[in-house]
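Convert by adding 2 to the 1-based position in the sequence shown; the result is the number in my numbering.
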Amino acid sequence: MPDHFIPLSVPNLKGKELEYVTHAVETEWVSTGGPYVNDFEAKIAEYAKCKGAVSCQNGTAGLHIALELSGVTRADAVIVPTLTFIAAVNPVKYIGADPIFMDCDDSLTMDVSKLNAFCETECEFTGGKLINKTSGKHIKALIVVHVFGNMADMAGIMAVAGKYNLKVIEDATEAMGTYYSEGKYQGKYAGTIGDIGVYSFNGNKIVTTGGGGMILSNQEALLKRAKHLTTQAKSDELYYTHDEIGYNYRMTNLQAALGLAQLEQLETFIKVKKENYALYKRAIEAIPGLKLLDFKTGIRPNYWFYSLYVEPEYALNRDQVIRYLASKKIQARPIWGLISEQKPYAGSQTYQIEKARQYWERVVNIPCSSNLSADDVKYVVECLKHPEV
Ligand SMILES: *Cc1c(COP(=O)(O)O)cnc(C)c1O
């Protein structure tokens, strides 16, 4: 047994974090003003080859703003995935709109053929509006999540959205750094293909600011309004006039200082994660009853989370795997509980949820930090090779 605990996904702060944060403290620019914020926004936009980026308090706040930018109101509905972290859906409820839950495909991202079938058979498209036949509500937008750093089928999503006049919000909170390496969207990063994309810099994400988020768009008007809404919708600096209800969702200079130092290391983090993924993949392939889920072809994933798939013939079931690994000082966890089955969403509309439940029953996330050493990976694999019942 190693002398240390092996966590699932933790921050890696070995670059210039301390230097930049110290500079922010020494110059006494610690709050929402200060040069690091603008710099961080500009560098993110440059990295993701996107027109602009607006920082915010966290990914959840970013998604809330994205829905406002999409014109979603309490009278409307929004299509969302059921297999994701609840923060992707809660903002729909902040606004008071109705979520409609979709299934995933084998990439764990939204099933485009079911999405299309839902729009075709369960809705009516009239006067440029997609109307949900069940509730009579106007479906204005969809939120697609690039689960675990994989890329959703954006060509398919954009085609359906185009056909039915839906705004596309990309929850790219787990997929910063993922891009298409071929095909229609070659060179395009997750979060920059739809109308609005959102990143998160929570502590478990590939880049962290402690807590933070970023709103991305290629549409100037949306970027401008995102900035406005995140800064209390203040339209006059001197006289404090406000033309609508805004939010205090700004990122601080301290957070941005941390983020800039992190961004400098992003490609290194992805390289380490890719190598560890390959190590796991080779070894796990040789263990009967276990497999490691693939990332899609045609993309360069960021390899954020690794998904171990526990087949029925393995000696342990999902929960036993998690408990067994914990006894070996290894942190693992099941995929999130389906959101459509959570208490606050009881009674929400769902459409043919099948695969999401299967994957929920069988997937275990295993250690994937960019701090993880090859020896750690080998130790995790050794444990999985010799399961103790
Ligand atoms: C992390 C995450 C969020 C929310 O980001 P925060 O910065 O923690 O608010 C939203 N959606 C998904 C899928 C996430 O993994």
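Yeah, the Cβ is synthetic: ideal placement off N, Cα and C, and Gly gets one too.
Per the DSSP secondary-structure output, K207 pairs with nothing in a beta bridge. Short note on T62: C-beta closer than 7 angstroms to some heavy atom of ligand 1. For I368, the uninterrupted beta strand (DSSP E) run begins and ends at 365 to 368, by DSSP. Assignment of alpha helix (DSSP H) within the region 85 to 145, counting only whole runs of 4 or more residues, yields 92 to 97, 114 to 124 in chain order. Three or more beta-carbon pairs drawn from the region 26 to 37 and the region 253 to 261 are found closer than 8 angstroms, and the two stretches are therefore classed as touching.
P13 and L218 have their C-alpha atoms roughly 23 angstroms apart. With respect to K53, L225 sits close: the two C-beta atoms are nearer than 8 angstroms. For the region 256 to 336, the full-length beta strand (DSSP E) segments reaching 3 residues or more read 292 to 294, 308 to 312 along the chain. Bounds of the beta strand (DSSP E) holding P83 are 78 to 83. Three or more beta-carbon pairs separated by less than 8 angstroms are not found between the region 235 to 252 and the region 276 to 292, which leaves the two stretches without contact.
With a cut-off of 8 angstroms on Cβ pairs, the region 124 to 139 is not in contact with the region 42 to 60, counting fewer than three such pairs. Straight-line spacing of the CA atoms in R364 and T84 works out to 16 angstroms. Contact between the region 333 to 341 and the region 56 to 71 is absent: fewer than three C-beta pairs spanning the two stretches fall below 8 angstroms. The distance from the Cβ of C370 to that of K330 is about 17 angstroms, inconsistent with a contact at the 8 angstroms cut-off. Less than 8 angstroms divides the Cβ of Y316 from the Cβ of L292. Spanning the alpha carbons of I272 and G213 requires a straight line of approximately 20 angstroms. Our two residues, W306 and K357, have alpha carbons roughly 21 angstroms apart in a direct line. Apart from sequence neighbours up to five positions away, the residues of its chain that approach K298 with a beta-carbon distance below 8 angstroms are S109, N152, M153, ordered along the chain.
DSSP places E28 in the uninterrupted alpha helix (DSSP H) bounded by 19 to 28.
The alpha-carbon of Y353 is positioned some 11 angstroms away from that of N118.
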